[in-house]
Amino acid sequence: MILTSDQFFAIILMVVVIDYALNTLVDLLNFKRANSKLPEDLQGFFNQEKYSEAVKYQRVNTKFGLWSGLSSLVIMLIVLLFGLFGELDTYVRVHFNSVITQTLGFFGIIFIVNDIWNIPWQWYSTFKIEERFGFNKMTSTIFWKDKIKSYVLTAIIGGILLSILVFLITWIGQSFWWIFWIVIAIFMIGANFFYTSWILPLFNKLVPLEDGSLREKIMSYGKSVEFPIQNIYVMDGSKRSAKANAFFSGFGKRKKIVLFDTLLEKNTEEELVAILAHEVGHYKKKHTISGLFSGILQTGAMLFIMSFMIFNPELSKALGAAQLSFPVNFIAFGIIYTPISLILSLFSNFISRKHEYQADEFATITYNGNALQNALKKLSVDSLSNLKPHKLYVFFHYSHPPLLERLKAIDKLK
400 MILTSDQFFA IILMVVVIDY ALNTLVDLLN FKRANSKLPE DLQGFFNQEK
450 YSEAVKYQRV NTKFGLWSGL SSLVIMLIVL LFGLFGELDT YVRVHFNSVI
500 TQTLGFFGII FIVNDIWNIP WQWYSTFKIE ERFGFNKMTS TIFWKDKIKS
550 YVLTAIIGGI LLSILVFLIT WIGQSFWWIF WIVIAIFMIG ANFFYTSWIL
600 PLFNKLVPLE DGSLREKIMS YGKSVEFPIQ NIYVMDGSKR SAKANAFFSG
650 FGKRKKIVLF DTLLEKNTEE ELVAILAHEV GHYKKKHTIS GLFSGILQTG
700 AMLFIMSFMI FNPELSKALG AAQLSFPVNF IAFGIIYTPI SLILSLFSNF
750 ISRKHEYQAD EFATITYNGN ALQNALKKLS VDSLSNLKPH KLYVFFHYSH
800 PPLLERLKAI DKLK
């Protein structure tokens, strides 16, 4: 079935509106779910005042997200209804000679305009909401430095990948997808290997964990589960936020354990080793590798589907272009692909939640379930997490199970 530009336009409008409506519905259900009554099994960690503060934090963020989402919908509808993507395509065709430079110019302008629009929202979220609840540690200088660094990285990495994509499309035709898939796969694997060595140091300072009892306990635990641990780093996360975290990065000899300094400040050594044991569980059960290859497979599927649409001039005309335009078709395809992307994200989140339970089980069996529970409670208390999220919101958005469900699962293992 061959669709006309009007039919494509109707589909695009429908996808944009339904996607917004669905997300808004889920947010509202979660908003109404917020309950100021403190759950009995957390009364030892959350006092009523702290819990009420957590509920207030969730409500403020939800309201902010609803207004932000509505404004984005209005802007998108204006752009679509007035054919502004087509107007931009005409502009770059006049000012740039090659298809590659036209595409780079097209997305460069969109990136700049979009970021200018988003800066006030980001500023308010950081310096008003996060500041109000005691989380923000970022200064305006760090905010703007991060912006500039992000612009440079986006221009370099995004520009190179986009140029390769357009070159392959114009050189090879519809078969471009599998070659670019290989390029993206190499990039994704490389990013996992070198993120903490090349990218992260541009934004944060990493220092080796000092010798002492904590390092000795970590090394001892690593030996007990046959997991050699050498590269343990502390990151200055406190210069941006009071929230704590920890993560693994890399494979083989390049794997690194990164602990936020805020995590060290708020947890006992037993709790820190329990958190580490959870991360080791992810590695031992190959969650990192399976997640990486799942992402690569999903990217390949997306590129394959895109190869059937990218050369369709009717798709370009649907967004106001006068003729076939690769950059306009990238935008159109991205919107049309939204339902498939949603389904894949639901599946990915479901698998991720299962992996979290498995990592908790590993940490409980190989180390200390009580210490892990205490660490999880502290993380939730300190970050004012939502302890009673709506089940539909969890289904759509949570990559980790809610705290209460994790605590119950650990109890069954002890």
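Numbers 400 to 813, taken from the numbering used here, label the letters of the sequence shown in order.
C-beta atoms are modelled at their ideal positions from N, C-alpha and C, and glycine is treated no differently.
| request: Assess, as a yes-or-no matter, whether the region 570–577 is touched by the region 534–544 under the definition of 3 or more beta carbon pairs within less than 8 angstroms. | output: no
| query | Between which two residues does the alpha helix (DSSP H) harbouring A409 extend? | reply | S404 to R432
| said: Please report the distance separating the alpha-carbon of D488 from that of Q457. | reply: 41 angstroms
| field | Simplified DSSP assignment, three categories, for M634 | value | strand
| said: Excluding the 5 residues flanking T502 on each side, which residues of the same chain have their C-beta closer than 7 angstroms to its C-beta? | reply: L561, V565, F725 and P726
| said: Quick check on the burial criterion: 16 or more other C-beta atoms within 10 angstroms. Buried or exposed for V478? | reply: buried
| Run of the alpha helix (DSSP H) containing I656, from where it starts to where it stops | Looking at the DSSP string, I656 is not in any alpha helix (DSSP H); the run it does join, the beta strand (DSSP E), is K655 to F659.
| field | Euclidean distance between Cα positions of S723 and A453 | value | Note that residue 723 corresponds to Leu in the displayed sequence, not to Ser. If I take the Cα positions, the gap works out to 51 angstroms.
| Own chain residues within Cβ distance below 7 angstroms of I653, not counting five before or after | First, the residue type needs correcting, since residue 653 is Arg and not Ile in the sequence shown. Correct list, in chain order: F592.
| field | Endpoints, the alpha helix (DSSP H) within which L561 is located | value | G558 to I571
| field | Alpha-carbon to alpha-carbon, L806 and S467 | value | 34 angstroms
| Tell me which same chain residues have a C-beta within less than 7 angstroms of the C-beta of I734, skipping the five on either side of it? | I411, V414 and V415
| field | According to DSSP, residues forming a beta bridge with L605 | value | M634
| request: Determine the extent of the beta strand (DSSP E) in which F647 is found, giving its start and end residues. | output: A645 to S648
| task | Let me know the secondary structure DSSP gives S779 once reduced to three states. | result | helix
| task | Determine contact between the region 709–724 and the region 633–645, defined as no fewer than three beta-carbon pairs at a distance below 8 angstroms. | result | no
| field | Exposed unless 16 or more other CB atoms sit within 10 angstroms - verdict on K776 | value | buried
| Can you tell me whether G589 is buried or exposed, with buried defined as 16 or more other CB within 10 angstroms of its CB? | exposed
| Between L786 and L803, which are expected to be in contact by the criterion C-beta below 8 angstroms, what is the C-beta distance as a whole number of angstroms? | 6 angstroms
| field | Nonlocal neighbours in the same chain, by C-beta distance under 8 angstroms from L745, ignoring five residues either side | value | F794 and F795
| message | Less than 8 angstroms between the beta carbons of F626 and V672, yes or no? | response | no
| M708 versus T500 - alpha carbon distance | 21 angstroms
| query | Taking only runs of the beta strand (DSSP E) that begin and end inside the region 683–720, which ones reach a length of at least 3 residues, in chain order? | reply | none
| Quick one, are the C-beta atoms of L662 and I617 less than 8 angstroms apart? | no
| query | Near N644, what residues of its chain come up, given a Cβ to Cβ distance below 6 angstroms and the 5 sequence neighbours on each side ignored? | reply | F659
| query | For G649, which residues of its own chain have a beta-carbon under 7 angstroms away from its beta-carbon, when the five flanking residues on both sides are left out? | reply | N591, F592, T595 and K655
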